[in-house]
Amino acid sequence: MTTLTRPTTDREFILLSELSEREEAVVHFTQLDFEERSLLAAMGLHDDVTFQLCKQGQPCIIQVEATRLGLSKELTSKIIVRRCTVCNEA
Amino acid sequence: MQKTKSQPKATSSVLLLGNPNVGKTTLFNRFCGLRSATSNFPGSTVEARIGTSSSGATKRTFTDLPGLYTLHASDDLSKVCRNALDGIDCNSPEAVLVVIDATNLRRNLTIVNEILHHGVPCVIALSMVDIAQKSGLTIDTKKFGEHLGCQVVGVHPRTGVGLPELHKALDNIQCTQVELPEFEKPKEVNNWANEIIASSVGGTLATGTFTDRLDKTFTHPILGLVVFAAVMAGLFWTIFTLATVPMDVVNLIFGHIGTAVGSVLPAGDIHDMVVDGVIAGIAGIVVFLPQICLLFFLIGLLEDTGYLARAAFVMDRLLRKFGLPGQSFVPFLSAHACAIPAIMAARIVPDRRDRIATILVAPFFSCSARLPVYVLLIGVLFIDQPLIGGLAFFGCYVLGALAALFTALLVRRTVIPGVSRPMMLELPTYKWPSIRTAVLNTIDRAWVFLKNAGTVILAIVIVLWWLSAYPKVTIPDSVHALRDQASVVATTDIVESERLLNQANSIEYTTQLSGSFAGQLGKFFQPVFAPLGYDWKLTVGVLTSFAAREVFVSTLAVLTAGDDNVENVGVIDKIEHAKRDNGERIFNVPTAASLLVFFVLAMQCLPTIAVTRRETGSWNWALLQLGYMTVLAWVASFITFTIVTMVMK
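Protein chains in written order, with the working numbering: chain A, 313 to 402; chain H, 9 to 657.
This is how it looks when you write it as structure tokens:
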């Protein structure tokens with residue numbers, strides 16, 4: 313099991329649970345099981361799709377195109393995302 | 009891949025498929041209206057609505073299956089949809105109408121690709137075009153269709169805009185001839201979807217801050233709960249307030265029907281069976297139809313607004329503490345209408361262990377079949393106290409919910425140990441609910457309820473009438489004496505004469521009932537229920553209601569129908585004022601309270617047990633559910649009876 317270290321705010325890779333509201337990101341890596349990953353992908357959250365964080369907390373609400381997905385905190389702390397702002401600046 | 013063009017036929021079957029929340033059912037309702045019915049899909053427990061629609065000389069049968077994200081998941085719904093496309097266990101569809109959301113094209117194209125791979129002729133209905141346009145998107149449907157190799161029609165399911173064009177497209181339907189990406193390779197599918205979107209969609213989707221604000225309120229740890237409590241309170245208050253008048257009307261109508269039919273039929277067994285068996289028994293059920301219709305209608309409206317998904321997250325915080333996932337909230341809400349669709353709705357719970365826990369506790373939530381019993385018993389307990397009666401009603405719902413939660417906790421610590429899976433759920437767009445859709449769904453559900461009342465319950469009440477009418481018992485001498493006395497005083501005191509006749513009829517009726525098969529059955533089992541305060545009539549009612557809860561009221565309606573000692577003409581009034589063999593009221597306060605608790609907690613529904621067995625795949629779970637709920641109900645009722653009796657003293 314990979315240990316997820318707490319990232320700083322300017323890091324490119326960050327836990328979804330630590331992303332700021334209105335920030336855009338792409339899923340980089342998840343510690344979810346196969347079924348959870350498949351369902352997320354079927355709901356529109358693929359690895360290479362940019363999403364926006366609408367609300368942090370329980371639930372965490374993200375928007376992929378016009379689809380809004382609610383994710384519980386247990387899931388968001390298992391998803392590492394690549395922040396688009398930091399990525400674009402780099 | 010097929011390349012042939014199919015010709016329009018006199019009757020053709022069309023399968024509706026698509027993601028959840030894309031307006032599929034609204035479109036189906038627009039096509040079929042009242043010409044539809046809900047039934048299980050052949051060979052499965054997946055519920056489908058089937059209806060017909062005509063356009064010119066062509067009559068089409070539409071089958072609307074529940075929405076799904078992918079055809080290749082391991083759940084039952086995906087399997088049923090795959091089989092339906094391939095014609096396994098059913099006839100092959102002649103066309104598939106795939107409904108997709110114009111504001112979520114990338115995600116929707118995933119399922120379009122999967123469906124097109126099955127080689128069935130397809131038409132794409134592009135819904136929510138108006139929202140996409142308002143949000144800044146323009147879609148070239150012709151170009152979009154060229155990429156997919158099938159016709160794409162923009163529709164507005166609520167207004168019916170685009171329906172003639174859809175019929176036209178279905179007349180000229182064809183299989184796709186384009187090359188499609190392999191659905192097993194999500195990256196390829198995504199690139200393919202991106203290409204289509206890039207070439208046929210213009211503009212950028214604007215996201216609304218209004219939705220953000222609403223979501224923040226509705227899912228807020230405190231505000232969310234306040235809103236949830238207010239919505240639920242409003243829902244149930246509306247049901248119990250608005251349903252009163254139509255319930256009275258139904259009661260009155262059946263009263264008149266009983267009188268009219270009774271005056272036409274000659275006295276005898278046929279007369280008694282029709283008036284006391286069929287009419288009284290059916291009236292005991294149909295009188296609650298207004299409440300059931302209102303519940304389904306309001307749940308339909310609420311679901312359509314998009315609020316229910318947010319409410320599921322509000323409930324997730326609570327439910328997870330008891331080992332259940334937030335998704336369980338949806339089956340639990342359905343359980344307030346009926347436990348059977350609730351148990352079937354538990355399929356949305358992805359984890360099997362979570363699902364079984366949800367199924368086991370769902371019947372604790374007060375279903376509409378319990379409403380007749382609640383109305384009857386609360387009416388007995390709180391006469392002319394509508395406010396306290398309302399609170400008692402609420403208390404029944406709370407008691408059921410608490411029993412469900414603590415049972416879930418017990419289950420997750422014993423037979424199914426573990427914690428629930430974290431929740432992920434699509435939050436549909438907020439919108440004004442469609443009255444038409446809600447009304448059509450309500451009519452559909454009400455029809456299912458009435459069919460049940462007209463078949464199963466009718467059969468039960470006829471059997472009950474027969475059990476209470478046979479064997480024929482010798483009329484006691486006291487009855488003849490009272491009748492003789494009545495005829496003597498008839499010329500001088502008509503009131504006294506009527507009183508004596510009523511007394512004679514009552515004694516005759518009670519003697520007959522007591523000696524009947526029903527009476528013998530009730531007396532045999534009565535010792536089991538005696539500690540709860542039930543006499544043999546109530547025991548018969550409780551026993552028969554193990555088939556279906558609502559039968560309880562019908563049973564008592566049959567058992568008290570001939571009791572002329574009761575002056576009230578309404579079915580409910582008659583039951584409420586029914587007497588025991590010793591002349592005391594059947595429903596005294598401790599008995600009514602005990603019975604109320606029993607009905608809140610007991611598992612009295614054979615179809616639910618059958619559905620639990622089917623959904624869990626094991627009789628063990630079904631029998632555990634039945635045994636646990638019955639024992640819990642008996643113990644809780646005994647405690648209630650003892651406490652209330654002590655307080656009343």
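Backbone N, C-alpha and C define an ideal beta-carbon position, used for all residues, glycine too.
Review point. In chain order, which continuous runs of the alpha helix (DSSP H) of length 4 or greater are located wholly inside the stretch 513-566 of chain H?
Key: Within the stretch 513-566 of chain H, the complete alpha helix (DSSP H) runs of at least 4 residues are 525-537, 544-552.
Practice item. Check each candidate in M255(H), P254(H), I290(H) and name the one with the smallest Cα separation from G266(H). Key: The sequence position of residue 266(H) within the second sequence is 258, counting from 1. If we check each option's Cα against that of G266(H), I290(H) comes out closest.
Practice item. Could you tell me which residues DSSP puts in a beta bridge with K367(A)? Key: Reading the first sequence from its first residue, position 55 is the one you call residue 367(A). Answer by DSSP bridge pairing, in chain order: I373(A).
Check your understanding: In chain order, what residues of the same chain have a beta carbon less than 6 Å from the beta carbon of T184(H), not counting five sequence neighbours either side?
Key -> Start at 1 with the first residue of the second sequence, and residue 184(H) comes out as number 176. Excluding sequence neighbours, T184(H) sits near L124, G157, C158.
Practice item. Just grab the DSSP bridge partners of A268(H) for me. Key: Here residue 268(H) corresponds to residue number 260 of the second sequence, with the count starting at 1. According to DSSP, residue pairing for A268(H) in a beta bridge does not occur.
**Study point:** Per-residue contacts from H358(A) into chain H (C-beta, under 7 Å)
**Key:** For this step, residue 358(A) is matched to residue 46 along the first sequence. Residues of chain H whose Cβ lies closer than 7 Å to the Cβ of H358(A) are, in chain order, P194, N198.
Review point. For the putative contact between I583(H) and V286(H), defined by C-beta atoms under 8 Å, what is the C-beta separation to the nearest angstrom?
Key: The count along the second sequence starts at 1 and reaches residue 583(H) at position 575. The count along the second sequence starts at 1 and reaches residue 286(H) at position 278. The Cβ separation is near 17 Å, so there is no contact.
Check your understanding: If we ignore side chains and look at the alpha-carbon of each, how far apart do W440(H) and H164(H) end up?
Key -> For the purposes of this step, residue 440(H) is taken as residue 432 along the second sequence, with counting starting at 1. For the purposes of this step, residue 164(H) is taken as residue 156 along the second sequence, with counting starting at 1. Taking the straight line joining both Cα atoms gives about 14 Å.
Review point. By Cβ distance below 7 Å, which residues in the same chain neighbour A565(H) in space, the five residues on each side in sequence not counted?
Key: Translated into the one-based positions of the second sequence, residue 565(H) becomes position 557. Apart from the 5 residues on each side of it in sequence, A565(H) sits with its Cβ closer than 7 Å to the Cβ of A288, G289, A291, G292, V579, I583 in its chain, given in chain order.
Review point. Got a sec: is the Cβ-Cβ distance from T362(A) to anything in chain H below 7 Å?
Key: Translated into the one-based positions of the first sequence, residue 362(A) becomes position 50. Cβ-Cβ to chain H under 7 Å: no for T362(A).
Practice item. Please list the residues of the stretch 372-391 of chain A that have a C-beta atom closer than 8 Å to any C-beta atom in chain H, keeping them in chain order. Key: Result list: I373, Q375, V376, E377, A378, T379, R380, L381, G382, L383, S384, K385, E386, L387.
Check your understanding: With contact counted as at least three CB pairs below 8 Å, one residue from each stretch, are the stretch 297-310 of chain H and the stretch 348-360 of chain A in contact?
Key -> Taking 8 Å as the limit for Cβ pairs, the verdict is that the stretch 348-360 of chain A does not touch the stretch 297-310 of chain H.
Check your understanding: For the 8 Å Cβ check, are there 3 or more pairs between the stretch 546-554 of chain H and the stretch 344-357 of chain H?
Key -> Under the 8 Å Cβ criterion, the stretch 546-554 of chain H does not count as touching the stretch 344-357 of chain H, having fewer than three qualifying pairs.
Review point. In chain order, what residues of the stretch 337-352 of chain A put their CB closer than 8 Å to some CB of chain H?
Key: Only E347, E348, S350, L351, L352 from the stretch 337-352 of chain A bring a Cβ to less than 8 Å from some Cβ of chain H.
Point to revise | Cβ-based contacts, 7 Å cut-off: residues of the stretch 223-250 of chain H near chain A | key: Flagged, chain order: D223, K224, T227.
Practice item. Apply the 10 Å Cβ neighbour rule to A411(H) and answer buried if 16 or more other Cβ atoms are within range, or exposed otherwise. Key: Position 403 of the second sequence, counted from the start, is the residue given in the question as residue 411(H). Note on A411(H): 16 or more other CB atoms within 10 angstroms of its CB, so buried under the neighbour-count rule.
Point to revise | Stretch-stretch touch, CB-based, cutoff 8 Å, three pairs: the stretch 129-138 of chain H with the stretch 24-37 of chain H | key: Yes, the stretch 129-138 of chain H touches the stretch 24-37 of chain H.
Practice item. Could you pull out every residue in the same chain whose Cβ sits closer than 8 Å to the Cβ of E506(H), ignoring the five residues on either side in sequence? Key: For the purposes of this step, residue 506(H) is taken as the residue at position 498 of the second sequence. The residues are A494.
Check your understanding: Looking at C-alpha atoms only, which residue of V104(H), V427(H), T219(H), F372(H) is the closest neighbour of T616(H)?
Key -> Taking the first residue of the second sequence as position 1, residue 616(H) is located at position 608. If you compare the alpha carbons of V104(H), V427(H), T219(H), F372(H) with that of T616(H), the shortest gap goes to F372(H).
Check your understanding: If you run the structure through DSSP and keep just helix, strand and coil, what is S495(H)?
Key -> The sequence position of residue 495(H) within the second sequence is 487, counting from 1. If DSSP states are grouped into helix, strand and coil, S495(H) belongs with the helices.
**Study point:** Beta-carbon proximity list for N99(H), same chain, < 8 Å, skipping 5 on both sides
**Key:** Position 91 of the second sequence, counted from the start, is the residue given in the question as residue 99(H). For N99(H), where only same-chain residues beyond five positions count, the Cβ hits under 8 Å are S21.
Check your understanding: Beta carbon of T146(H), beta carbon of S442(H): below 7 Å?
Key -> For the purposes of this step, residue 146(H) is identified with residue 138 of the second sequence, where counting begins at 1. For the purposes of this step, residue 442(H) is identified with residue 434 of the second sequence, where counting begins at 1. Taking 7 Å as the Cβ cut-off, T146(H) and S442(H) do not qualify as a contacting pair.
Point to revise | Classification of E203(H) by the beta-carbon crowding that lies within 10 angstroms, buried from 16 upward | key: Your numbering for residue 203(H) matches position 195 in the second sequence. With fewer than 16 other Cβ atoms inside 10 Å of its own Cβ, E203(H) counts as exposed.
Check your understanding: Just to confirm, are Y405(H) and S376(H) a CB contact at a threshold of 7 Å?
Key -> As a working note, residue 405(H) is residue 397 in the second sequence. As a working note, residue 376(H) is residue 368 in the second sequence. Not closer than 7 Å, so no.
Review point. Whose C-beta lies closer than 7 Å to the C-beta of L326(H) among residues of the same chain, with five residues either side of it excluded?
Key: Taking the second sequence and counting its residues from 1, one reaches residue 326(H) at position 318. Once the five neighbours on either side are set aside, L326(H) has no close Cβ partner at all.
Check your understanding: Any beta-carbon of chain A closer than 7 Å to the one on E584(H)?
Key -> Numbered from 1 along the second sequence, position 576 holds the residue referred to as residue 584(H). It does not: the Cβ of E584(H) has no partner Cβ on chain A nearer than 7 Å.
Review point. Got a sec, what are the start and stop residues for the alpha helix (DSSP H) K176(H) sits in?
Key: Taking the second sequence and counting its residues from 1, one reaches residue 176(H) at position 168. 171-179 is the span of the alpha helix (DSSP H), which, as asked, contains K176(H).
Review point. Would N576(H) be called buried (16 or more neighbouring beta carbons within 10 Å of its own) or exposed?
Key: If you number the second sequence from 1, residue 576(H) lands on position 568. Model confidence at N576(H) stands at a pLDDT of 45, short of 50, so the residue's coordinates are unreliable and nothing is read from them.
Review point. Thinking C-beta only, is T366(H) closer than 7 Å to N37(H)?
Key: If you number the second sequence from 1, residue 37(H) lands on position 29. If you number the second sequence from 1, residue 366(H) lands on position 358. No. Outside cutoff.
Check your understanding: Closer than 7 Å, CB to CB, is N576(H) near chain A or not?
Key -> Numbered from 1 along the second sequence, position 568 holds the residue referred to as residue 576(H). No answer about N576(H) holds up, because its pLDDT of 45 lies below 50 and its placement is not dependable.
Point to revise | DSSP-derived helix/strand/coil call for V608(H) | key: Indexing the second sequence from 1 puts residue 608(H) at position 600. In this structure, V608(H) counts as helix in the three-state DSSP scheme.
Exercise for review: Kindly confirm or deny that the stretch 485-504 of chain H and the stretch 449-457 of chain H touch, where touching means at least three C-beta pairs closer than 8 Å.
Suggested key: By the Cβ rule, the stretch 485-504 of chain H does not count as touching the stretch 449-457 of chain H, because fewer than three pairs are nearer than 8 Å.
Point to revise | Whole-number beta carbon distance between P436(H) and S384(A), since they are thought to touch under 8 Å | key: Here residue 384(A) corresponds to residue number 72 of the first sequence, with the count starting at 1. Here residue 436(H) corresponds to residue number 428 of the second sequence, with the count starting at 1. The pair is not a contact, with the Cβ atoms about 18 Å apart (cut-off 8 Å).
Practice item. Compare the Cα-Cα distances from F296(H) to each of F248(H), P380(H), I364(H), G41(H) and report the closest residue. Key: Mapped onto the second sequence, residue 296(H) falls at position 288. The candidate whose alpha carbon is nearest that of F296(H) is P380(H).
Exercise for review: Report yes or no: is there a C-beta of chain A within less than 7 Å of the C-beta of P430(H)?
Suggested key: Numbered from 1 along the second sequence, position 422 holds the residue referred to as residue 430(H). Cβ-Cβ to chain A under 7 Å: yes for P430(H).
Review point. Where does T445(H) sit, in a helix, a strand or coil, going by DSSP?
Key: As a position in the second sequence, residue 445(H) is number 437, starting the count at 1. Shown here, T445(H) sits in a helix according to DSSP, grouped into three states.
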